[in-house]
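Structure first, then comments.
Protein chains in written order, with full-length UniProt numbering: chain A, 1 to 259; chain B, 1 to 259.
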C-alpha cells in the first residue's frame, strides 16, 4: 500500500510575520506522516534589494530576475529564510533538510525562453528527482524547498513556489498518496470574495465547471485552480486550499479539491 | 572493507576568486570515490555587511557574531556561496547537496559560553549525524557544508569551517577510511616560511615532535597542525595540507600527515 505524503506550500504573508510563521511551523511539524514544505520568498528579498540600492524590475506584475536580483533571491530564499525555517523545525522534532532545486539535482529546469519579455533567470521546470526525494522521505527527513531550481549547467534559476509544489506532488504521485496544501490568505475558494465564511468546502470536476460557468472563479483564483486540477489530473490525490488553519484537522474551513 | 572518503576544506581565498573557484571545483569533481566539501565564507560576508552599514566587531582577531552578522552569514555562506557551488558542481556531474549543520540535524552545537569574551552566535560542535551522512554518501551524493551549525533549539550558529571538516572526518572515521584535505594558500608545511619549495612532504608523530622542538612550526600553523593530529588520533586515516593542486594526484607538492 502506498504511504501518504503531504506537500505544503506557504506564501510570503506567513514567512514575513514571525508569530504567524511560528504558528505555521508548529502546525506543520505536527502533521502526521511524510511531508514536504515549499516556501516562497516574500518581501524580505525586496527589502534587501532596496537596502542595497537594487531596483526591482517588474513587467506585467511579474518580477524580472536579473543577475543582481538572482543573488538577492539566493541569499534570502535559500539562505536566510530556508535555514531559519529548517533550524526552527528541528527544534520542533521535525527532521527538516533545506533544499534548492540544485541540491541533489532535485529540480532541473531551463531558463524561460525570451518571447515578448525577457524574464531573466527565471526557470521553467523540466524534471523532479523523485528517486532522491523518495529516499530522503524514507529516511524520515522532511525536505524544505525554497523557490529555486537549476539548469544543470551551473545556473541557479528563480522558480515559482506554487509550481514547485505542484511539480513535486505530480512527480511523487506515483510513489505516494499525495495531498497538496496551498496555504494563502483566504480560508478557501469563496462563493462571495468579500465574505470569508462563504467557503466552498468541496470542489470536484463537475462542481469546478459549474463554478467556472457561474463566474465565481475569477482573477487570481483562475490560474490557481487550473494548477490544482492539472495536479489532480496527474496522479495527485487531493488538493486543499485555505489558510494555515487547514493543517489542524479540527478546523474544517477550507476547500478540498478532487477529480 | 571500508570505503574511502575524502573530506576537503577550502578557504575564503579560493571562494572569492571566480577562476580559482572554477579550477578548484573541477579538481574536486574529478576526485574519485565518496567525498564531502566544506567551505568557509571569505570576504563576501564582510563586503555585504559593509554595504548594509553593519560593522564587523572583532575581538583578538576573531569575529563577534551578533544577530545582524549571523543573518549576513546565513545569507552569504548558506545561500549565495553554498548554492552557487552546488549548482556548479552539478554541471560537472558531481551530485552535490548543500547543507548547513541544521539540515538533517547534521551538526549540532552549543552557543559558546561567555567567559572573558562574548562571541555571540558562535557554535562549538557537540555531535555529527554520521548515520545520515553515511546514508547520503551511499546514495552517491556529495555533501557541501557551509560553516554553520545549530543548537537543536532553533538557533543557527556560526562555526569554524576547519573544525567542521575535522569533526566530520572524525565522526565518519568509524565507517570510512577518511582522508582530510585542508586547502590553503601555501603548498604545505614549509621548513622556511619564505620558500614555497621547502615543503615537508611527510610528517608523522615523531617528525611532528622534531619540527615542534626545532621551532619550525609556529604562529597560525601551530593550531592547524594540532587540529590535524587531533583528527589523526581520532580515527582519521590521513590529513593533507597544501594548496588545491594537491587534489591532482600528479602534483606531489603538499604535506601528508599520518600518526
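Ideal Cβ positions, reconstructed from N, Cα and C, are used throughout, including at glycine.
In DSSP terms, what residue i is bridged to
i, result
"residue 124 of chain A", "A:110"
"residue 50 of chain A", "DSSP, once it has assigned bridges, lists no residue as partnering residue 50 of chain A."
"residue 10 of chain A", "A:39"
"residue 4 of chain B", "B:177"
"residue 150 of chain A", "A:108, A:156"
"residue 241 of chain B", "B:182, B:255"
"residue 142 of chain B", "B:96"
Cross-chain neighbours of residue i in chain A, by beta carbon under 8 Å
i, result
"residue 97 of chain B", "99, 103, 104"
"residue 158 of chain B", "Per Cβ cutoff of 8 Å: no residues; residue 158 of chain B is ~12 Å from chain A at best."
"residue 74 of chain B", "79, 80, 83, 84"
Nearest-angstrom beta carbon gap, residue j and residue i [assumed within contact, 8 Å]
i, j, result
"residue 6 of chain B", "residue 31 of chain B", "6 Å"
"residue 157 of chain A", "residue 239 of chain A", "Not a contact, Cβ separation roughly 25 Å."
"residue 162 of chain A", "residue 235 of chain A", "Incorrect: roughly 18 Å between the Cβ atoms, too far for contact."
"residue 199 of chain A", "residue 253 of chain A", "5 Å"
"residue 104 of chain A", "residue 132 of chain A", "5 Å"
"residue 217 of chain A", "residue 38 of chain A", "Actually they do not touch by this definition, with Cβ atoms about 23 Å apart."
"residue 134 of chain B", "residue 190 of chain B", "Incorrect: roughly 36 Å between the Cβ atoms, too far for contact."
"residue 51 of chain A", "residue 52 of chain B", "6 Å"
"residue 178 of chain A", "residue 237 of chain A", "5 Å"
Contact set between residue i and chain A, taken where Cβ atoms lie within less than 7 Å
i, result
"residue 155 of chain B", "87"
"residue 135 of chain B", "139"
Residue j beta carbon less than 8 Å from that of residue i
i, j, result
"residue 243 of chain B", "residue 184 of chain B", "yes"
"residue 2 of chain A", "residue 33 of chain A", "no"
"residue 121 of chain B", "residue 65 of chain B", "yes"
"residue 36 of chain B", "residue 24 of chain B", "no"
"residue 111 of chain B", "residue 98 of chain B", "no"
"residue 77 of chain B", "residue 101 of chain B", "no"
"residue 211 of chain B", "residue 232 of chain B", "no"
"residue 182 of chain B", "residue 241 of chain B", "yes"
"residue 125 of chain B", "residue 68 of chain B", "no"
"residue 106 of chain B", "residue 129 of chain B", "yes"
"residue 93 of chain A", "residue 149 of chain A", "no"
"residue 170 of chain A", "residue 255 of chain A", "no"
"residue 155 of chain B", "residue 152 of chain A", "no"
"residue 142 of chain B", "residue 96 of chain B", "yes"
"residue 79 of chain A", "residue 12 of chain B", "no"
"residue 272 of chain A", "residue 187 of chain A", "Coverage of chain A is limited to positions 1 through 259, which leaves residue 272 of chain A absent and any answer about it impossible."
"residue 228 of chain A", "residue 247 of chain A", "no"
"residue 56 of chain B", "residue 63 of chain B", "yes"
"residue 15 of chain A", "residue 49 of chain A", "no"
"residue 8 of chain B", "residue 85 of chain B", "no"
"residue 59 of chain A", "residue 117 of chain A", "yes"
"residue 75 of chain A", "residue 75 of chain B", "yes"
Per-residue contacts from residue i into chain B (C-beta, under 8 Å)
i, result
"residue 168 of chain A", "Within 8 Å Cβ-Cβ: nothing; residue 168 of chain A doesn't reach chain B, min ~16 Å."
"residue 71 of chain A", "80"
Chain-ordered neighbours of residue i on chain A, where CB pairs are closer than 9 Å
i, result
"residue 91 of chain B", "150, 151, 152, 153, 154, 155"
Neighbour list for residue i in chain B, Cβ cutoff strictly below 9 Å
i, result
"residue 52 of chain A", "48, 51, 52"
(request) Within the region 80-107 of chain B, note down every full beta strand (DSSP E) run reaching 3 residues or more, in order along the chain. (result) 96-99
(request) Jot down the residue ranges of each uninterrupted beta strand (DSSP E) in the region 17-64 of chain B, minimum 3 residues, whole runs only, in chain order. (result) 34-39, 57-59, 62-64
(request) Write down every uninterrupted run of the beta strand (DSSP E) in the region 154-227 of chain A whose length is 3 residues or greater and which is fully enclosed by it, in chain order. (result) 156-158, 176-183
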